[in-house]
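Encoded as structure tokens, the structure appears first; notes follow it.
Protein chains: 2
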Amino acid sequence: MPVGTQATVKGLTVPMVRETGAEILLGNTYHLAVRPGTDLIARLGGLHTFMGWDRPILTDSGGFQIFSLGQNAEISEEGAVFRSHVDGRKIELTPERAMQAQAELGSDIAMVLDHVVALPNPPEIVRAACERSIRWAERCRAVAGDQTQFAIVQGGLDAEMRLWSAEELTQLDFPGYAIGGLSVGESPEEMYRILQVTCPVLPERCPRYLMGVGRPQDILESVRLGVDMFDCVMPTRNARNALAFTDEGPIRLRNACHREDPRPVDAQTPSAASGVSRSYLRHLFAAGEMLGPILTTSHNLAYYQCLMREIRDAIEADTFMELYNAKMRGWQQGPANG
Amino acid sequence: MPVGTQATVKGLTVPMVRETGAEILLGNTYHLAVRPGTDLIARLGGLHTFMGWDRPILTDSGGFQIFSLGQNAEISEEGAVFRSHVDGRKIELTPERAMQAQAELGSDIAMVLDHVVALPNPPEIVRAACERSIRWAERCRAVAGDQTQFAIVQGGLDAEMRLWSAEELTQLDFPGYAIGGLSVGESPEEMYRILQVTCPVLPERCPRYLMGVGRPQDILESVRLGVDMFDCVMPTRNARNALAFTDEGPIRLRNACHREDPRPVDAQTPSAASGVSRSYLRHLFAAGEMLGPILTTSHNLAYYQCLMREIRDAIEADTFMELYNAKMRGWQQGPANG
Numbered sequence: 001m002p003v004g005t006q007a008t009v010k011g012l013t014v015p016m017v018r019e020t021g022a023e024i025l026l027g028n029t030y031h032l033a034v035r036p037g038t039d040l041i042a043r044l045g046g047l048h049t050f051m052g053w054d055r056p057i058l059t060d061s062g063g064f065q066i067f068s069l070g071q072n073a074e075i076s077e078e079g080a081v082f083r084s085h086v087d088g089r090k091i092e093l094t095p096e097r098a099m100q101a102q103a104e105l106g107s108d109i110a111m112v113l114d115h116v117v118a119l120p121n122p123p124e125i126v127r128a129a130c131e132r133s134i135r136w137a138e139r140c141r142a143v144a145g146d147q148t149q150f151a152i153v154q155g156g157l158d159a160e161m162r163l164w165s166a167e168e169l170t171q172l173d174f175p176g177y178a179i180g181g182l183s184v185g186e187s188p189e190e191m192y193r194i195l196q197v198t199c200p201v202l203p204e205r206c207p208r209y210l211m212g213v214g215r216p217q218d219i220l221e222s223v224r225l226g227v228d229m230f231d232c233v234m235p236t237r238n239a240r241n242a243l244a245f246t247d248e249g250p251i252r253l254r255n256a257c258h259r260e261d262p263r264p265v266d267a268q269t270p271s272a273a274s275g276v277s278r279s280y281l282r283h284l285f286a287a288g289e290m291l292g293p294i295l296t297t298s299h300n301l302a303y304y305q306c307l308m309r310e311i312r313d314a315i316e317a318d319t320f321m322e323l324y325n326a327k328m329r330g331w332q333q334g335p336a337n338g
Numbered sequence: 339m340p341v342g343t344q345a346t347v348k349g350l351t352v353p354m355v356r357e358t359g360a361e362i363l364l365g366n367t368y369h370l371a372v373r374p375g376t377d378l379i380a381r382l383g384g385l386h387t388f389m390g391w392d393r394p395i396l397t398d399s400g401g402f403q404i405f406s407l408g409q410n411a412e413i414s415e416e417g418a419v420f421r422s423h424v425d426g427r428k429i430e431l432t433p434e435r436a437m438q439a440q441a442e443l444g445s446d447i448a449m450v451l452d453h454v455v456a457l458p459n460p461p462e463i464v465r466a467a468c469e470r471s472i473r474w475a476e477r478c479r480a481v482a483g484d485q486t487q488f489a490i491v492q493g494g495l496d497a498e499m500r501l502w503s504a505e506e507l508t509q510l511d512f513p514g515y516a517i518g519g520l521s522v523g524e525s526p527e528e529m530y531r532i533l534q535v536t537c538p539v540l541p542e543r544c545p546r547y548l549m550g551v552g553r554p555q556d557i558l559e560s561v562r563l564g565v566d567m568f569d570c571v572m573p574t575r576n577a578r579n580a581l582a583f584t585d586e587g588p589i590r591l592r593n594a595c596h597r598e599d600p601r602p603v604d605a606q607t608p609s610a611a612s613g614v615s616r617s618y619l620r621h622l623f624a625a626g627e628m629l630g631p632i633l634t635t636s637h638n639l640a641y642y643q644c645l646m647r648e649i650r651d652a653i654e655a656d657t658f659m660e661l662y663n664a665k666m667r668g669w670q671q672g673p674a675n676g
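So the sequences go chain by chain: A and B.
First residue of the first sequence: 1, per the numbering used here; consecutive thereafter.
First residue of the second sequence: 339, per the numbering used here; consecutive thereafter.
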């Protein structure tokens, strides 16, 4: 899922996002609550109408911002109280309020409010946040409306805690399960270990969503371990820094080696960037032109969507491990150039 | 003509530029000579290929930068020597070099090198620049290749000087004539007075191009006085500052009155911005999102293209003055809101 934090996938119009193959976007409840306000978006017809996106939207709950904006947040059993990063205004985020805000946004999939902590952290802190996340999930489930509600498994790097969290949440019978609190400072290997433990105990018939991950190799590895859905700012944020993903590893478009390179950024991936050369993209970044981030964002999202499509096709054709080995080999060659 | 200074109309992909109705773009020779270099663009197949635009391109000669980057330029009879505004490198722009650079860019219409001075300026300075511009035009004509070459009438606010310049250039038999050195500090009325004098003496069968103009009302007035073509950064630059043009005057999208306004920026002008509300556009600008400038640029260019189309249709239907009066009335009502 491309990330549309502030009701826009940064730099792309809705037709351009559609063109990358995206079928569902992620919106950030906390950011939209701060500005322009979920109540305002509700009065304007909800997030789909507001941003002009007629396909599914998943909204997060704001739980991740408890982690990422930690110094501006106070946590209690009731919920989190933030100082807005925009205007210092007080913003309260309880499980009930998180569900209400997402109902105002009118997303198709709403996430429960969870308590995310950084890793590593002492076991008692991870445990307390994990237990609180279960209690908050119950409160969210109690006020569920007609949105599809996903639970979020927490538990840090403690396998037993993850198992306990997964089992508790499974009893609440959610239609989908996310794995949260990863990609927050731990190594990829630690993350994979947790996925290996957690995925098998989540209900087979429900989608499994790994939040905030990641690099193409993380995605491929996580699918191997049983994950179905992902969201990450990596394709979009890196694009704005002139980094383009390809099957031969990432390309740094600012590098001098692309100065006169007439090749497209990636001949394998059709996107809005297909019609121009690496030389042109390098020029756009050098000149500080918006079109550099725009075209590279289009490419990176198309690359990620294409990867997910290849994965789905390979699973259906029972050739996933062939795809896995081929992709990993290509990426491990390192940067194709620059 | 939308302005594509650095081989891109700021913020728009080529399909989006096409969608606004644009049939010809302007490229800036000086900027492209500085970065990435006209020789590099030539080696990559010319400006059309480089930026992926397959419709006509007009390139200026760099003469305007003699004016706008004046403190970095030394002028002699031979030509202008600039210090690059990017890296301080010395850039020589003689009439012959200006034509060569434009040939490297491969534009469809190439402008002669002229010597633009600010207004007001003492008569002897305006006269010297005007006379030099004629001599430079001769030198450009002498090295003309297969590009369509437009002359540029100079002469400041001196009607006789303008007439003399127009007559001298007409004798060199150019396929098109620009009126330059306007919109550089003088009042609209002074500009109109010069157009009134100059247009009638330019050959009827040749396009007349008013460089660097302007506001919608300037365009309409100038067409009334005989101008056929325009270029201006106004629709694009203003869009990035959240100002949108409409038949009811300009709209400042940052204004609080648009906070919950569900209306599109302009129901009369189809563009990439048509599907979203003023409220959404205001949110994008408030949040510093690229999509604000992108959508507003699309709207403003569509608005200007639509205006030119209405003008052409009205001229054909012999109803130009009706259109003129209606448009002027609408714009003079002042900002519709904010």
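For glycine and all other residues, C-beta sits at the position ideal for the given N, C-alpha and C.
Bear in mind the structure is a predicted one, so any value in this text is a computation, not a measurement.
> Taking any Cβ of chain B, which residues in the region 35-57 of chain A have a Cβ under 7 Å from it, in chain order?
Replying inline: Arg35, Pro36, Leu40, Arg43, Leu44, Phe50, Met51, Gly52
>> Against chain A, which members of the region 570-589 of chain B pass a CB distance test of less than 8 Å?
In response: none
> CA-CA distance, Gly676 of chain B and Val184 of chain A?
Replying inline: For Gly676 of chain B, the predicted model reports a pLDDT of 49, less than 50, meaning its position is unreliable and no value from the coordinates is stated.
> Which chain B residues sit within Cβ distance under 7 Å of Gln6 of chain A?
Replying inline: Ala625, Glu627
> Ordered along the chain, which non-local residues of its own chain (more than five positions away) have a Cβ less than 8 Å from that of Glu416 of chain B?
Replying inline: Hits under 8 Å: Thr432.
> Sorted by chain position, which residues of the same chain lie with C-beta nearer than 7 Å to Val86 of chain A's C-beta, five sequence neighbours on each side aside?
Replying inline: Val34, Arg35
>> Going by the DSSP bridge assignment, what does Phe230 of chain A pair with across the sheet?
In response: Paired residues: A:Leu210.
>> Would Tyr515 of chain B pass as an interface residue toward chain A - the criterion being a Cβ-Cβ separation below 8 Å?
In response: no
> Between the region 266-273 of chain A and the region 296-310 of chain A, do three or more beta carbon pairs fall short of 8 Å?
Replying inline: yes
>> Check this for me: beta carbons of Ser471 of chain B and Asp452 of chain B, under 8 Å apart or not?
In response: yes
> In chain A, which residues lie less than 8 Å from Tyr618 of chain B when you measure between Cβ atoms?
Replying inline: Ala7, Leu44, Phe50, Met51, Gly52
>> For Thr148 of chain A, list the residues DSSP reports as bridge partners.
In response: A:Ile109
>> If the criterion is Cβ atoms closer than 8 Å, does the pair Met567 of chain B and Pro541 of chain B meet it?
In response: no
>> Please state the DSSP three-state secondary structure of Val481 of chain B.
In response: coil
> From Cys537 of chain B to Leu639 of chain B, what does the alpha carbon distance come to, in whole angstroms?
Replying inline: 26 Å
>> What are the residues in the region 192-206 of chain A lying within 9 Å of chain B by C-beta distance?
In response: none
> Using the rule of at least 16 other Cβ atoms within 10 Å of the residue's Cβ for burial, across every protein chain shown, is Ala441 of chain B buried or exposed?
Replying inline: buried
> Can you check whether the CB of Arg562 of chain B is closer than 8 Å to the CB of Ile532 of chain B?
Replying inline: no
> Opposite Thr397 of chain B in the DSSP bridges: which residues?
Replying inline: B:Gly365, B:Ala448
> How long is the line joining the alpha carbons of Ala664 of chain B and Pro2 of chain A, rounded to whole angstroms?
Replying inline: Straight-line spacing of the CA atoms in Ala664 of chain B and Pro2 of chain A works out to 46 Å.
>> Distance cutoff 8 Å, beta carbons only. Does Ile429 of chain B sit that close to anything in chain A?
In response: no
> So what's Phe245 of chain A in DSSP terms, helix, strand or just coil?
Replying inline: coil
>> Three Cβ pairs or more, each shorter than 8 Å: is that satisfied between the region 594-605 of chain B and the region 571-578 of chain B?
In response: no
>> Quick check on this structure: which residue in B:Pro631, B:Val455, B:Ala480 has the alpha carbon closest to the alpha carbon of Arg435 of chain B?
In response: B:Ala480
> To the nearest angstrom, how far is it from the Cα of Thr154 of chain A to the Cα of Arg215 of chain A?
Replying inline: The sequence given here has Gln at residue 154 of chain A, not Thr. Distance between the alpha carbons of Gln154 of chain A and Arg215 of chain A is about 21 Å.
> In chain order, what residues of the same chain have a beta carbon less than 8 Å from the beta carbon of Gly390 of chain B, not counting five sequence neighbours either side?
Replying inline: Val352
> Going by DSSP, what residues sit across from Gln80 of chain A in a beta bridge?
Replying inline: Note that residue 80 of chain A is Ala in the sequence shown, not Gln. DSSP output for Ala80 of chain A lists A:Ile75, A:Leu93 as bridge partner(s).
> Less than 7 Å between the CB of Tyr280 of chain A and some heavy atom of the ligand MN, yes or no?
Replying inline: Ligands displayed in this structure: none; no statement on the ligand MN is therefore possible.
> Secondary structure at Gly155 of chain A, three-state DSSP: helix, strand or coil?
Replying inline: coil
> Based on Cα-Cα distance, which residue from B:Val539, B:Phe488, B:Gln485 lies nearest to Glu498 of chain B?
Replying inline: Each of B:Val539, B:Phe488, B:Gln485 was checked against the Cα of Glu498 of chain B, and the nearest Cα belongs to B:Val539.
> Gly349 of chain B and Thr584 of chain B look like a contact to me (Cβ under 8 Å); what is the Cβ gap, rounded to whole Å?
Replying inline: Going by Cβ atoms, the distance from Gly349 of chain B to Thr584 of chain B rounds to 19 Å, so no, they are not a contact pair.
>> Taking 6 Å as the limit between beta carbons, can you name the residues of its chain near Thr319 of chain A, skipping five residues before and five after?
In response: none
> Which chain A residues sit within Cβ distance under 8 Å of Ala610 of chain B?
Replying inline: The answer, in chain order, is Thr13, Pro15.
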